[in-house]
Amino acid sequence: MPVKLFEQTLSSGNYPIGQTRILGVPRNALTARVRVERFIFYPFFGWYWKEIFRQEIRPQDRICYDIWGTTVQPFWTSINC
14 MPVKLFEQTL SSGNYPIGQT RILGVPRNAL TARVRVERFI FYPFFGWYWK
64 EIFRQEIRPQ DRICYDIWGT TVQPFWTSIN C
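Numbering-wise (the working numbering), the sequence shown opens with residue 14 and increments by one.
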């Protein structure tokens, strides 16, 4: 059974449509999890972050994502880097 010894969160920060970023995973990472969120407004509820997707990956893999659509109906797919 794996034991969680240390967990670190890295954030890409906020950026507008049409931007590309490369996020590196620490070399000594055993596992990695990608979570993509959008900032959305719902009337009567206000602004808040809502998850688009979450995926567990191997740290040694190079994975790229294409994300499109609107804040109300986003879509995503994994693509070749």
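The beta-carbon is built from N, C-alpha and C at its ideal position, and this holds for glycine as well.
As the structure is a prediction and not an experimental result, all values here were calculated from the model.
What distance in whole Å lies between the Cβ atoms of residue j and residue i, which are believed to be in contact at a cut-off of 8 Å?
i   : j   : result
W96 : Y78 : Nothing about residue 96 can be reported from this structure: the residues present for the chain run from 14 to 94 only.
In the DSSP assignment, what are the bridge partners of residue i?
i   : result
E69 : R46
S24 : In the DSSP output, where bridge partners are listed per residue, S24 has none listed.
D79 : T90
G59 : Y55
Have a look at residue i and residue j and give me their C-alpha separation to the nearest angstrom.
i   : j   : result
P72 : K63 : 25 Å
F52 : T84 : 7 Å
I70 : P56 : 35 Å
N27 : T33 : 11 Å
Q21 : P39 : 9 Å
A42 : S91 : 21 Å
G31 : G82 : 12 Å
S25 : V47 : 11 Å
Can residue i and residue j be called in contact, C-beta distance under 7 Å?
i   : j   : result
V49 : I35 : no
R75 : C94 : yes
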